[in-house]
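I have placed the structure first, in the form of structure tokens, so that the comments after it can refer back to it.
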Amino acid sequence: MSEVILKSDAIHTFIGQHHILQGVSFEAKADAVTVLIGRNGAGKSSTLKTIMGLLPASKGKIVYKGEEIQDKKPYAIARMGIGFVPEHMGIFTDLTVEENMQVAMLKEDNETAERLDGTLEMFADLKKFWKAKAGTLSGGQKQMLAIARAIVNDTSLLLIDEPTKGLAPIIINALIEAINQIKKHSVVILVEQNFYMASSVGDDFYILDDGKVVQNGLMQELVQNEEMQSKYLGISKAAD
Ligand SMILES: Nc1ncnc2c1ncn2[C@@H]1O[C@H](COP(=O)(O)OP(=O)(O)O)[C@@H](O)[C@H]1O
Ligand SMILES: [Mg+2]
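Numbering (this note's numbering), first residue to last: 459 to 698.
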């Protein structure tokens with residue numbers, strides 16, 4: 459049986475008076491890409507932010523590598539090896555690609571330098587535009603920079619929030635390839651609305667609806683279950 463690297467156990471999260479997450483439970487296994495899917499407003503981004511300590515969990519546990527992290531601060535969680543690529547990417551458009559990478563690096567050791575080399579090999583455009591302002595990059599290149607900023611650190615778990623949002627299909631294929639590379643050395647939890655992307659990289663899926671997990675299983679099962687797709691994801695044959 460494969461090891462569970464992160465377990466969210468009945469997490470509740472409020473934003474102001476709003477009870478956003480109402481008992482979210484799921485497990486991310488060490489050898490799998492876990493995809494969180496569900497309609498807009500289902501609570502996917504809030505789930506990732508709660509794991510990162512950016513939103514406080516009012517109840518429940520988040521266990522990472524056997525340790526409870528639900529009361530830890532975001533920087534402490536990052537230092538434990540959890541990388542986060544937020545929905546709005548978190549890059550600095552006024553800084554160059556180089557400066558964006560420098561700001562992101564948590565350490566200045568040889569391992570980080572080696573990871574930077576590997577990352578630039580994977581995302582050749584970043585090397586090409588090394589001295590360019592991040593704001594001048596295309597949408598796909600910005601997303602690659604956002605991912606590069608996370609994986610340059612020693613992450614054993616990477617949380618990525620809707621990387622394909624607003625991107626052209628050809629770029630989505632490049633991102634699929636990147637995630638397939640990343641999953642060789644890091645566990646990935648991916649929030650994704652694009653079902654092509656989700657089903658191309660995902661091993662396990664959890665569907666969120668109204669701040670709760672309503673279905674979960676192997677991605678293969680969801681791919682074959684059109685009824686479930688149309689009920690929770692608004693995917694229908696006619697719309698393809
Ligand atoms: N800053 C906020 N203030 C109030 N409500 C919010 C805020 N951020 C998110 N929400 C609400 O929380 C719910 C879940 O949002 P979110 O986690 O962003 O969903 P998803 O990522 O699945 O689209 C939505 O109903 C959204 O309107
Ligand atoms: Mg979201």
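Don't be surprised by glycine CBs; every beta carbon is placed ideally from N, CA and C.
| query | result |
| --- | --- |
| Nonlocal neighbours in the same chain, by C-beta distance under 6 Å from Thr551, ignoring five residues either side | Ala592 and Gly593 |
| Heavy atom of ligand 2 within 7 Å of Lys565 beta-carbon | no |
| Euclidean distance between Cα positions of Ile469 and Ala656 | 23 Å |
| Glu461 and Ala488 closer than 8 Å at C-beta | yes |
| Leu553 in three-state terms, based on DSSP | coil |
| contact_flag[the stretch 517 to 532, the stretch 595 to 612] where n(CB pairs < 8 Å) is 3 or more | no |
| Residues bridged to Lys465 (per DSSP) | Glu485 and Val521 |
| Three-pair Cβ contact test at 8 Å for the stretch 491 to 511 versus the stretch 529 to 544 | yes |
| beta-carbon Ser746 near ligand 1 non-hydrogen atom, thresh 7 Å | The chain is shown only over 459 to 698; residue 746 falls outside these bounds and no answer can be derived. |
| Touch test, the stretch 610 to 617 against the stretch 581 to 588, Cβ-Cβ under 8 Å, three pairs minimum | no |
| Among Ser644, Phe663 and Gly597, the one whose alpha carbon lies nearest that of Ile628 | Gly597 |
| Assigned exposure category for Ile535 - 16 Cβ within 10 Å defines buried | buried |
| Reduced DSSP category for Phe653 - H, G, I as helix; E, B as strand; rest coil | helix |
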